[in-house]
Amino acid sequence: MKKTLLVNAIAWALLSQATHAAVKVEDKTFHTAAAMLAYTEFELSGEPLAEALGLDLDVLDANRADEPTPFDFAAGIESYEYSEEAMYALNYQSGMGPHLVNGPQNQARGGTMASLGQRVLSLAEAVGFPADEVPQGMYPLSFPYASANPEFAQAVNVTPVNGDQITIKTAKGTEKRVKTQVPAYFRDYSTLRWSGSDQLLVPAAVGGILLKEVMWSQDFLGGMHVADTDEEVEASSAKMDQDGKHKLGVSAADGFNGMMLTEQSLDKLALLQSRLGYDGKQLGVAITPQYDPAKGVIYFPHQVKVTETRANEAGAIDKLEVVDGSAQLRDAWMLLWPLSEFYAFTDQRSANTNQNPAFHAVFDGEPFAAAPAANRAGDLNKAVAGHDAFSLALNLSNLTFKNLMALHFEPKAGTLVDSWQAGTQGKHVTAFDAAYALVALQIFQRAQDALPVGYAAGDNGELNLNTAQGKQALKLITQQADFILSQLKGSNGLIHDGITLGGKLDAGQSVETQFAAVRGLTAAFLATQDGKYRSAARELFIATDKAYFNTKAGTWLAGKQDEYTPWTQAAISGALRAAMLNLRNEGAEQAPELELAKLTQQYVSWFRGTNNGGMQMAEWIGDSGENVVEGAGHDSDEDGVPQVTAAGGQHGTAMVMAGKAVIGE
Numbered sequence: 100m101k102k103t104l105l106v107n108a109i110a111w112a113l114l115s116q117a118t119h120a121a122v123k124v125e126d127k128t129f130h131t132a133a134a135m136l137a138y139t140e141f142e143l144s145g146e147p148l149a150e151a152l153g154l155d156l157d158v159l160d161a162n163r164a165d166e167p168t169p170f171d172f173a174a175g176i177e178s179y180e181y182s183e184e185a186m187y188a189l190n191y192q193s194g195m196g197p198h199l200v201n202g203p204q205n206q207a208r209g210g211t212m213a214s215l216g217q218r219v220l221s222l223a224e225a226v227g228f229p230a231d232e233v234p235q236g237m238y239p240l241s242f243p244y245a246s247a248n249p250e251f252a253q254a255v256n257v258t259p260v261n262g263d264q265i266t267i268k269t270a271k272g273t274e275k276r277v278k279t280q281v282p283a284y285f286r287d288y289s290t291l292r293w294s295g296s297d298q299l300l301v302p303a304a305v306g307g308i309l310l311k312e313v314m315w316s317q318d319f320l321g322g323m324h325v326a327d328t329d330e331e332v333e334a335s336s337a338k339m340d341q342d343g344k345h346k347l348g349v350s351a352a353d354g355f356n357g358m359m360l361t362e363q364s365l366d367k368l369a370l371l372q373s374r375l376g377y378d379g380k381q382l383g384v385a386i387t388p389q390y391d392p393a394k395g396v397i398y399f400p401h402q403v404k405v406t407e408t409r410a411n412e413a414g415a416i417d418k419l420e421v422v423d424g425s426a427q428l429r430d431a432w433m434l435l436w437p438l439s440e441f442y443a444f445t446d447q448r449s450a451n452t453n454q455n456p457a458f459h460a461v462f463d464g465e466p467f468a469a470a471p472a473a474n475r476a477g478d479l480n481k482a483v484a485g486h487d488a489f490s491l492a493l494n495l496s497n498l499t500f501k502n503l504m505a506l507h508f509e510p511k512a513g514t515l516v517d518s519w520q521a522g523t524q525g526k527h528v529t530a531f532d533a534a535y536a537l538v539a540l541q542i543f544q545r546a547q548d549a550l551p552v553g554y555a556a557g558d559n560g561e562l563n564l565n566t567a568q569g570k571q572a573l574k575l576i577t578q579q580a581d582f583i584l585s586q587l588k589g590s591n592g593l594i595h596d597g598i599t600l601g602g603k604l605d606a607g608q609s610v611e612t613q614f615a616a617v618r619g620l621t622a623a624f625l626a627t628q629d630g631k632y633r634s635a636a637r638e639l640f641i642a643t644d645k646a647y648f649n650t651k652a653g654t655w656l657a658g659k660q661d662e663y664t665p666w667t668q669a670a671i672s673g674a675l676r677a678a679m680l681n682l683r684n685e686g687a688e689q690a691p692e693l694e695l696a697k698l699t700q701q702y703v704s705w706f707r708g709t710n711n712g713g714m715q716m717a718e719w720i721g722d723s724g725e726n727v728v729e730g731a732g733h734d735s736d737e738d739g740v741p742q743v744t745a746a747g748g749q750h751g752t753a754m755v756m757a758g759k760a761v762i763g764e
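One rule links them: number in the working numbering = place in the sequence shown (from 1) + 99.
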């Protein structure tokens with residue numbers, strides 16, 4: 100095992116003395132946009148972070164808590180696996196949105212359950228996944244609603260199917276031999292539907308789950324595997340899956356999930372392109388790569404009410420009605436980030452000679468359609484609005500980026516503003532959104548210029564296409580980052596929650612704003628390589644730590660207690676990762692707040708205290724260390740997070756994050 104700069108004994112001694120935060124969940128409502136952003140940050144702050152700090156991932160064992168260290172386990176197992184489990188809870192189990200059978204892609208195939216079933220079988224075949232192992236009772240969503248009640252609507256089928264004898268080490272250090280059970284719901288999701296939703300289609304929510312899907316799809320489909328042994332191998336060519344020996348995906352099981360997630364991603368993009376373009380009067384306005392907002396604005400409205408009907412014994416769209424026709428910055432950056440990831444994932448431009456052959460193999464016609472020649476040339480003036488993956492990503496990311504500039508950027512102030520409606524730009528700037536827009540713009544620039552994204556978004560690439568839109572994005576990143584530092588920073592070194600242009604600063608300086616700004620400024624540094632943004636991010640992290648870290652609670656609080664939402668968790672996770680990878684002390688730098696040992700200790704105390712302490716309402720069984728144990732309770736790994744059937748509500752609660760909690764000493 101190779102370890103570098105990891106946690107020392109003194110830091111873990113301090114951790115053992117810390118008192119976990121007191122967590123009171125005030126609202127269990129699942130908010131798709133916020134939760135999926137948090138789970139994306141959790142994913143990136145999971146295995147990729149632990150591995151970047153020197154961990155050999157092969158030594159991790161979900162049933163051996165806190166080995167090799169508490170940080171390695173909290174990041175490499177808990178943070179990473181919770182992020183994946185929540186995605187499946189929403190996408191495969193919840194029923195909180197129209198079913199894929201009634202989505203635009205399956206409608207083009209005939210619109211029946213049989214046609215969807217045949218498609219799923221073909222996806223399974225492409226990765227060598229046995230058809231009889233596809234979970235029963237899946238309810239794959241075309242898109243999710245903005246918020247929902249994650250409590251189960253009916254009794255969950257817990258009938259034991261089989262089990263095994265295993266040895267576990269719990270979070271309390273208890274080591275024991277146990278007999279596990281596999282309940283029926285593990286393989287049949289039909290009793291895991293949620294209790295209800297708002298039936299609102301909100302772009303930020305669509306972007307939130309799209310981001311989760313494409314991040315995992317890139318991971319799952321980034322290599323190939325030997326069909327007979329399931330051994331992962333690097334793809335040497337885009338035709339390697341046609342040699343009779345190899346299959347798509349890093350393994351059969353992961354490959355299948357990558358296929359299903361990509362299929363669901365495409366449904367969202369097809370719906371955005373065909374039915375959600377809005378000109379202020381009607382939905383369904385045509386979107387093309389030649390879109391010019393100066394000739395007529397087309398955008399995605401903030402809230403669309405969905406009236407559902409039933410078809411194929413599942414939910415389907417009956418009617419769409421705009422209930423909030425404004426354009427919101429949060430919707431824009433939460434779409435731009437995943438659209439840019441998807442653009443890079445599906446990129447078939449001839450000029451991108453560095454594209455992963457495994458990705459090319461997925462989008463070469465089978466199992467997903469290839470892009471037309473016009474879109475491979477890289478010229479927007481000659482591109483077409485196709486229905487394949489890359490054409491959809493090209494068209495929609497272009498529209499979203501142009502609208503970010505045309506609707507939200509105020510050139511005199513040099514900042515993005517929150518809202519636009521009917522030709523009128525708002526005056527308020529929310530610091531959280533301005534900061535996270537920097538993250539989205541960094542990924543957009545990298546995708547346009549053929550630089551690595553996904554887990555490698557901080558890496559330098561061998562190729563840089565230096566595109567016109569990439570240069571525009573870099574300019575906007577500089578302007579926005581400079582505005583945050585010059586206009587939103589208070590005399591105490593902290594960032595205000597917002598400002599009204601021509602008016603006053605918002606009074607608040609919340610924890611989530613500080614960490615979002617650290618995350619955004621770090622993205623600005625990585626994009627521009629201008630050291631002033633790294634210095635500013637370091638200074639802000641230090642000021643935030645001094646002002647807000649509560650040793651008794653083991654986390655950051657604005658007072659003796661504070662309100663946390665998934666937005667807060669997203670920002671803290673992202674900023675801690677930025678601090679460990681990009682801001683930590685180097686050379687002569689000696690800030691105690693940015694010593695790696697201290698950062699990893701704080702990561703564990705924050706994550707265990709707030710997330711395991713109550714915000715993560717339940718966990719699945721298996722990969723995150725939880726097991727159903729005969730004759731035992733409902734928290735077999737003793738980490739404070741119960742199994743889904745014991746997580747409150749009449750029948751239990753899905754493995755997702757609460758909408759709001761009060762965190763205190």
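Glycine is no exception: its CB is placed at the ideal position from the N, C-alpha and C atoms.
Since this is a predicted model, take the numbers as computed values, not measurements.
Shown here for P169: same chain residues with a beta carbon closer than 6 angstroms to its own, the five before and five after excluded, namely V703 in chain order.
Its chain contains A337 and A469 as the residues whose beta carbon lies nearer than 7 angstroms to that of D463, once the 5 sequence neighbours on both sides are disregarded; these appear in chain order.
Taking C-beta atoms under 8 angstroms as the contact rule, H119 and G712 qualify, at a distance of about 6 angstroms. For the segment 643-723, the continuous beta strand (DSSP E) assignments of 3+ residues that do not extend past its boundaries occur at 660-663, in sequence order. Under the three-pair Cβ rule at 8 angstroms, the segment 446-460 does not count as touching the segment 351-365. Contact check for D548 and L564: beta-carbon distance about 5 angstroms, within the 8 angstroms limit, so the pair qualifies. Two segments are said to touch when three or more pairs of C-beta atoms, one from each, lie closer than 8 angstroms; by this definition the segment 720-734 touches the segment 268-284.
In the DSSP assignment, M358 falls within the alpha helix (DSSP H) that extends over A351 to R374. Restricted to the segment 226-304, the beta strand (DSSP E) segments that are unbroken, complete and at least 3 residues in length are 246-251, 259-268, 274-282 and 293-296, listed in chain order. Taking all protein chains in view, the Cβ of K570 is surrounded by fewer than 16 other Cβ atoms within 10 Å, so the residue is classified as exposed.
For I598, the enclosing beta strand (DSSP E) begins and ends at G597 to T599. The C-alpha of G414 lies about 16 angstroms from the C-alpha of A245. For S182, the enclosing alpha helix (DSSP H) begins and ends at Y179 to Y187.
Distance from the CA atom of A460 to the CA atom of Y442, rounded to whole angstroms, is 15 angstroms. Judged by their CB atoms, E611 and A687 are not nearer to each other than the 7 angstroms cut-off. Beta-bridge analysis with DSSP links V122 to I762.
By the C-beta density criterion, G485 is buried, having at least 16 other C-beta atoms within 10 angstroms.
For L347, the enclosing beta strand (DSSP E) begins and ends at H345 to L347. When the Cα atoms are used, L240 and M212 turn out to be separated by approximately 14 angstroms. The segment 162-180 and the segment 198-210 do not touch, with fewer than 3 CB-CB distances between them shorter than 8 angstroms. A straight line joining the alpha-carbon of A677 with that of S496 spans about 25 angstroms. DSSP places T408 inside the beta strand (DSSP E), whose first and last residues are Q402 to A410.
The segment 715-723 and the segment 175-185 touch, with three or more beta-carbon pairs separated by less than 8 angstroms. Each residue's CA atom was taken as its position, placing S335 and P456 some 7 angstroms apart. DSSP, reduced to helix, strand and coil, places S634 within a helical segment of the structure shown. In the assembly as shown, A760 is a buried residue. Its beta-carbon has 16 or more other beta-carbons within 10 Å. When the alpha-carbon of S373 is set against those of Y398, D581, T664 and G758, the nearest one is in Y398.
Annotation for G619: the continuous alpha helix (DSSP H) segment containing it runs V610 to T627. The shortest C-alpha to C-alpha distance from A521 to any of Y535, M323 and A505 is the one to A505. Per the coordinates, the alpha-carbon of S490 lies some 39 angstroms from the alpha-carbon of A173. When the five nearest sequence neighbours on each side are left out, the beta carbons in the same chain lying within less than 6 angstroms of the beta carbon of D532 are those of L428 and R429, in order along the chain. If you draw a straight line from the Cα of V483 to the Cα of D446, it comes to about 15 angstroms. Distance from the CA atom of Q217 to the CA atom of D487, rounded to whole angstroms, is 19 angstroms. Residue environment analysis places K346 among the buried positions, since at least 16 neighbouring C-beta atoms fall within 10 angstroms of its C-beta. According to the DSSP secondary-structure assignment, S335 is paired through a beta bridge with no residue. Sixteen is the threshold: since fewer than 16 other Cβ atoms of the shown chains lie within 10 Å of the Cβ of T650, the residue is exposed.
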